[in-house]
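Novice: Provided herewith is a single structure, encoded as structure tokens, for subsequent inquiry.
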Amino acid sequence: MAKAQMTVEEEVKERIAYKSPYEQWKEAEGLPTYRGLFVKNVYDLELTPWRSSGDGLAAFINLDGTGGFNDSYVAEIPPGKSLKPHRHLFEETIYILKGQGATSVWISPDKKETFEWQEGSYFCIPMNAWHEHFNASGKESVRYIAMTSAPRVIDTFNNMEFVFENPFVFRDRFSGEQGYFKQRDPAQQWSTNFVADVRACQTFSSGFDRGGGAKSTVFRMVNNTVKSHVSQWEIGTYKKAHRHGPGIHVLIIRGHGYSLMWQEGKPVERIDWGPGSMLVPPEMWFHQHFNGGAEPVFFLAIGWGSDKPKAGGKAYVYKSVKEGGDQIEYEDEDPKFHADFEGALKKAGAECRMGGYHPFCTAKS
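In this note's numbering, the protein residues as written are 1 to 365.
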């Protein structure tokens, strides 16, 4: 029977009550969701029992800057416990915040690939492969943070059986081969499916000029569409303002400072951060990262949105906005930004080292 035609008032009520398939899935998982522009400290985030995982605890993080393309969650595995084996059609990238343990990944249960990890380890789960995480300690909990493409996959297919019980094997990504999660030799574009300790990564000269002597290493893992990189810059320096697509999760691993984020022509938002802070710049928002402390800054950035085209199908280009690009050169930024930065360094007992980079710097080299 055809559905009776709704009145405008009824349609408005239906739309107000609407929840996307992804939001309904989260609700069924029984976990809280943290929102906003940033999370102050993922190590201190309050978690609740994660029913479908068995013994785990977790919480979702849906920051404004994800634009519905991806999400993240923080999970804990109690001492001596493991999470239930599962698989899913969305990508998942994991960074170990604390603890040690192991993960088994498989296509066929008689051929499992198991690898050990520790605090600082970083790896990706191959698309739709079965996997299980174990806590190797009988005394301390494991805590990890994962970034996934669940929102767009679940909202696209709107069928939980298809997303979580699909038998398709992505053999171009993983077919059960041994040694798949062995760390490969590092490079600027590092093709490896496992990093034993991200914090010990060598950083290379960046493939794009972010300024201030910043260096980075880019990870290419399990043929995922998700890209990631680590970046480091020294005391008394900061990066150029730039913009890109949605969903780049920036996790601060070392250092203290702040980021400025703004839409063109709109007020500037300031986010102060330290180890464990995470922020996601929204799509097409300019953002700029400042080392306002007395030690080098090191972060891990995970996301998908840098590959999302701009309106009209154009790619982001890291050259001056005056040349049609998506980066603001130091000489074109608001002079107040640099003056405030020098003030922050003075409070931290550090010296500005931007003299060789910045025309407004009072500490000329």
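We treat Cβ as the ideally placed atom computed from N, Cα and C, and that holds for glycine.
Looking only at DSSP bridge pairs, what is Thr93 linked to?
Specialist: For Thr93, which the question treats as bridged, DSSP gives the partners Cys124 and Met147.
Novice: Would you kindly report the start and end of the unbroken beta strand (DSSP E) that includes Leu57?
Specialist: Leu57 to Ile61
Novice: Whole beta strand (DSSP E) runs in the region 290-320 with 3 or more residues, listed along the chain?
Specialist: If one requires a minimum length of 3 residues, the beta strand (DSSP E) runs lying completely within the region 290-320 are 297-303, in chain order.
Novice: Output the distance between the C-alpha atoms of Phe60 and Phe115, rounded to the nearest integer angstrom.
Specialist: 26 Å
Novice: Between which two residues does the alpha helix (DSSP H) carrying Phe337 extend?
Specialist: Unbroken alpha helix (DSSP H) run through Phe337: Pro335 to Ala348.
Novice: Could you check what DSSP says for Arg200 in three-state terms: helix, strand or coil?
Specialist: Per the sequence shown, the amino acid found at residue 200 is Ala instead of Arg. Helix, per DSSP.
Novice: Would you mind sorting Arg152 into buried or exposed? The rule is 16 or more other CB atoms within 10 Å of its CB.
Specialist: Arg152 should be labelled buried.
Novice: Following the continuous alpha helix (DSSP H) through Gln24, name the residue where it begins and the one where it ends.
Specialist: That run of the alpha helix (DSSP H) goes Pro21 to Glu29.
Novice: Would you decide whether Phe373 is buried or exposed? Buried here means 16 or more other CB atoms lie within 10 Å of its CB.
Specialist: No information on residue 373 is available, as it lies outside the stretch 1 to 365 that the chain covers here.
Novice: Tell me where the alpha helix (DSSP H) around Glu76 begins and ends.
Specialist: Premise fails: Glu76 lies in the beta strand (DSSP E), Asp71 to Ile77, not in any alpha helix (DSSP H).
Novice: Applying the criterion that 16 or more other CB atoms from any shown protein chain within 10 Å of the CB defines a buried residue, is Glu113 buried or exposed?
Specialist: buried
Novice: Specify whether the region 345-352 and the region 277-295 touch according to this definition: at least 3 beta carbon pairs, one from each stretch, less than 8 Å apart.
Specialist: Using a C-beta cut-off of 8 Å, the region 345-352 makes contact with the region 277-295, since at least three inter-stretch Cβ pairs fall below that distance.
Novice: At what residues does the alpha helix (DSSP H) containing Ala17 begin and finish?
Specialist: Val8 to Ala17
Novice: Note the first and the last residue of the continuous beta strand (DSSP E) segment covering Glu283.
Specialist: Run containing Glu283: none; DSSP gives neither H nor E here.
Novice: I'd like to know whether the C-beta atoms of Glu255 and Thr237 end up nearer to each other than 8 Å.
Specialist: Before going further, note that residue 255 is Gly rather than Glu in the sequence given. Result no, Cβ atoms of Gly255 and Thr237 do not sit closer than 8 Å.
Novice: Given this structure, state the Cα-to-Cα distance separating Met137 from Tyr180, to the nearest angstrom.
Specialist: Correcting the residue identity first, residue 137 is Ser in this sequence and not Met. Going by the C-alpha atoms only, they are around 24 Å apart.
Novice: Is the distance from the Cβ of Met385 to the Cβ of Ile271 below 8 Å?
Specialist: A query on residue 385 cannot be resolved here, the shown segment of the chain reaching from 1 to 365 and no further.
Novice: DSSP state of Cys330, grouped into three classes?
Specialist: Reading off the sequence shown, one finds Tyr at residue 330, where the question assumed Cys. Residue state for Tyr330 is assigned as helix, using DSSP reduced to three classes.
Novice: How big is the Cα-Cα spacing for Pro49 and Gly276?
Specialist: Cα to Cα, the separation comes out at about 22 Å.
Novice: Exposed or buried, Met278, counting other C-beta atoms within 10 Å across all chains shown (16 or more means buried)?
Specialist: buried
Novice: Decide yes or no for the touch test of the region 92-105 against the region 119-128: beta carbon pairs closer than 8 Å, at least 3 of them.
Specialist: yes
Novice: Between Leu251, Ile253, Gln189 and Glu264, which lies nearest to His244 when the distance is taken from Cα to Cα?
Specialist: Glu264
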